[in-house]
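Quick notes on the structure that follows.
There are 4 protein chains.
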Amino acid sequence: MKYATGIETKKRIVDAAFKLMAHRGFDALSIDDIMKSIGRTKGSFYVHFNSKEELLYEIMETRLDRGYNQLADEILEELSREPCQVRPLLEKITKEVYSSLGENRLTWTSAFYHLLIHSRKNEVVQTWLKSNAEQWSSLLNHVVEKGQETGQIRTDVDAQVITNMMMGIVMGYDILYMIDRPVNDEEVNLIHDWMFV
Amino acid sequence: MKYATGIETKKRIVDAAFKLMAHRGFDALSIDDIMKSIGRTKGSFYVHFNSKEELLYEIMETRLDRGYNQLADEILEELSREPCQVRPLLEKITKEVYSSLGENRLTWTSAFYHLLIHSRKNEVVQTWLKSNAEQWSSLLNHVVEKGQETGQIRTDVDAQVITNMMMGIVMGYDILYMIDRPVNDEEVNLIHDWMFV
Amino acid sequence: MKYATGIETKKRIVDAAFKLMAHRGFDALSIDDIMKSIGRTKGSFYVHFNSKEELLYEIMETRLDRGYNQLADEILEELSREPCQVRPLLEKITKEVYSSLGENRLTWTSAFYHLLIHSRKNEVVQTWLKSNAEQWSSLLNHVVEKGQETGQIRTDVDAQVITNMMMGIVMGYDILYMIDRPVNDEEVNLIHDWMFV
Amino acid sequence: MKYATGIETKKRIVDAAFKLMAHRGFDALSIDDIMKSIGRTKGSFYVHFNSKEELLYEIMETRLDRGYNQLADEILEELSREPCQVRPLLEKITKEVYSSLGENRLTWTSAFYHLLIHSRKNEVVQTWLKSNAEQWSSLLNHVVEKGQETGQIRTDVDAQVITNMMMGIVMGYDILYMIDRPVNDEEVNLIHDWMFV
DNA sequence: CATGAATGAGAGTTCATTCAT
DNA sequence: AATGAATGAACTCTCATTCAT
């Protein structure tokens, strides 16, 4: 029997915290700042969360999972159709991931790597990140295997190796992006050219 | 002579801080902890540094530059010899970078990404990181160009693109390493296979 | 009729608060905890009480007065009968006081001493406690005087002195009980032996 | 290599806290108040203690142990002399305990009972209190036994029972004292009269 | 050079209380 | 009568920094 304003406030807290976290990291973000930024007082933070840590988990689950659940459903469905072109699917996963988040790429990337760093001291976050990576990896692997089965992707390299390479490259490009050395999409295409026969 | 112990202490502070930073990040690291870990009290920290920020810059400059200065000299020298095999040089840069640091890979990587994250709120760090990336990129680029000139590396792809790709991959694999999904060296070889004719 | 649940709720608040107070003291007891323990939310506390302090007074009056009003009536009535045996009356007052409360001794004692401590910073409580002690003292004194008049209790000691002694002993044994050094009833009998001729 | 001012400040913190605790109890006593009352800021509290709890233990050990260690030595020594009058020894233990503390009785008693209440939620305090009571009980018991051996104290009652009774009475009178119903020393003499042959 | 005492700002958290619904 | 959102003051504790010794 929650009140609408409560749900709304909670959402605004998560949004504000997500943005602040991208800028300064989770530890450097104070509850006072979050609440001030949405025009509330810090006491009321605890109406919506039991602790600051709980807020982190909420951010993780609602803002940082790269929307795999929805994306995975779409991809897997398209994968089951015949004939199936896998290259656009892969590009969807690797290149369009940020746009599908409805989020500024730098904000998202920055928040994500803040989380990665934070995972070193928080087991829950560590577990979540690992499982998140596994989901992504598994999804990519499905697509690559399908590509190999249908003769679209080279078969002289193991599917899992290709998958790892793609994940590594996407993450690496995220990092370069943060260091202000963005890599253009054409470069990513070259990797794809190498993969596809 | 009379300052010998002082210089020694300063070095020990940097070393201790570097290791603690890899674990917990720079913000979460207290001066008290650093000094306790080397058997001194926090008051004397300010004998060696004017502020905590100054310590960060010292760490950056002495422990986190991937040893490019030394590495660059060696590489450039070998590059000027004839004949010159570039593949081992590239592997040296990408694969052996951590061993040349005399440092545990996870410690170094972790510290580096803590710094990366920190750069979002500190312009000095941001500038340093960018210039650091540029040095590395420039070094790699020299090697790739030499490889193309001597017919060892494919020329249908721009040297800068190959360089970016390699940097991205190395960084991406670092990240996977931190998420506990290490990538074996064989996989990196495949990327090299693609590059080399 | 329509307020039946309201009155019921108020009673349940007092009961729950009494038990929590015995465990943790009045200050350490939060309205949230009390209301949660009876399945209500803290907002509705203020339907029944104007403040937390008011709740304390309600507890004092309904749960902590050792039931003297009822007890006193019984004792005084029995005291007016002839012949009257005073020893069982005294034992009733001193030894059976807890059972007559329908309450666990440790709970009651603990709550009472929490209140005693609280009295140092609350004048209302202080006054109440003093008046409570006076009532008890007065009741005991009546019995002792009757005992002296009828030759059952030694007369070489002033009635008030005997009364004080008994009160002190009962309270002292409460304290020992709380420190986990319970005193058995036989010991109390010895005090009585000393009093009675 | 502590500084004199540090030791002095720590002592002043304990003194101030002891007095505030007597008035308001340990939980209601804020570090801010303590430090303000001695003209220091609350940040410096943690130079001397690691936590508020540690302060409680310091108070317990330095201000609340009724000085039994010193008292016990004196009593036991006098007990070994021949001939030995035990009545003054008992009176010393029961009546002069507060004066030997160099402390206002109400302050001491109040602080002690605050501690007793606090013991319900703190095992360290509980253990300490019990052991404290045991020491006191043991000391009293020695004196009573000596009194019985030398024919000064009645032997128709077990020594331990007499000990318990005395402890209970002293504690009970403390309580009456707090409720503002002080018991005069003459009354305590009557208890002694009963004991001594 | 090193120490330990002191500072003051700010952190996360709790809680009695108010109030629109 | 009951709810849950919001407030604001108070709490314990942390920490970069300063300074007399």
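Sequence order for the protein chains is G, B, U and D. Residue 1 is where the first sequence starts when you use our numbering, and the numbers rise one by one after that. Residue 1 is where the second sequence starts when you use our numbering, and the numbers rise one by one after that. Residue 1 is where the third sequence starts when you use our numbering, and the numbers rise one by one after that. Residue 1 is where the fourth sequence starts when you use our numbering, and the numbers rise one by one after that. Cβ atoms here follow ideal geometry from the backbone N, Cα and C, with glycine treated the same way. Keep in mind that this is a model prediction, so the values were computed, not measured.
Pairing Tyr177/U with Val183/U, the inter-Cα distance amounts to about 7 Å. Between Ala111/D and Met21/D, the C-beta spacing is below 7 Å. Listed in chain order, the positions of the segment 100-127 of chain G with a beta carbon within less than 7 Å of a beta carbon of chain B are Ser110, Tyr113, His114, Leu116, Ile117, Arg120, Lys121. Contact of Tyr173/B with chain G is assigned, a C-beta pair being separated by under 7 Å. Secondary structure at Phe196/B: strand, using DSSP grouped into helix, strand and coil. Remark: C-beta atoms of Ile34/D and Arg12/D do not approach each other more closely than 7 Å. Close partners of Glu187/B in chain G (Cβ separation under 8 Å): Val161, Asn164, Met165.
Cα atoms of Val157/G and Ile31/B: separation of roughly 50 Å, rounded to the nearest angstrom. Taking the beta carbon of Leu129/B as reference, the chain G residues within 8 Å of it are Ile179, listed in sequence order.
For the 7 Å CB-CB criterion, Tyr173/U and Gly168/D form a contact. Taken atom to atom, the span from the alpha-carbon of Arg81/B to that of Phe196/B is near 20 Å.
In the three-state scheme derived from DSSP, where H, G and I count as helix and E and B as strand, Ile153/U is classed as strand. Annotated three-state conformation of Glu145/D is helix, per DSSP. Around Phe18/U, the same chain offers Ile59, Arg63, Ala111 as residues with beta carbons nearer than 7 Å, after the five sequence neighbours per side are excluded. Close CB contacts of Asp27/B within its chain, under the 8 Å cut and outside five residues either way in sequence, are with His118 (chain order).
Put simply, the backbone Cα of Gly151/B is about 27 Å away from that of Gln70/B. Against chain B, the CB of His23/G has a partner CB under 7 Å away; the residue lies at that interface. Judged by their CB atoms, Met165/B and Ile175/G are not nearer to each other than the 7 Å cut-off. Gly168/D sits in a helix when the DSSP states are folded into three classes. According to the DSSP assignment, Leu64/U belongs to no alpha helix (DSSP H), since it is labelled neither H nor E. The beta-carbon of Val144/D is placed no less than 7 Å from the nearest beta-carbon of chain U. Here Arg81/U carries a coil assignment [DSSP, helix/strand/coil]. For the segment 1-33 of chain D, the beta-carbon criterion of a distance under 7 Å to any beta-carbon of chain U is satisfied by His23, Arg24, Gly25, Asp27, Ala28.
Around the beta carbon of Thr9/D, 16 or more other beta carbons sit within 10 angstroms, so the residue counts as buried. Residues of chain B with a Cβ closer than 7 Å to the Cβ of Val157/G are, in chain order, Leu190.
In the three-state reduction of the DSSP assignment, Gly43/G falls in the helix class. With respect to the 7 Å criterion, Arg105/D and Lys121/U are not classified as neighbours on the basis of their beta carbons. Residue nearest to Arg154/G within the set Trp194/B, Leu115/B, Arg40/B is Trp194/B (criterion: CA-CA distance).
Assigned with DSSP and collapsed to three states, Val183/B falls in coil, not helix or strand. The beta carbon of Asn141/D is closer than 8 Å to those of Ala159, Gln160, Thr163 in its chain, skipping five residues each way along the sequence. In the displayed model, Phe26/U falls within coil according to three-state DSSP, outside both helix and strand.
Using a Cβ-Cβ cut-off of 7 Å, Val183/B is close to Asn164, Gly168 of chain G, given in chain order. Between Trp136/U and the set Ile179/D, Glu149/D, Glu77/D, Leu56/D, the nearest pair of CA atoms involves Ile179/D.
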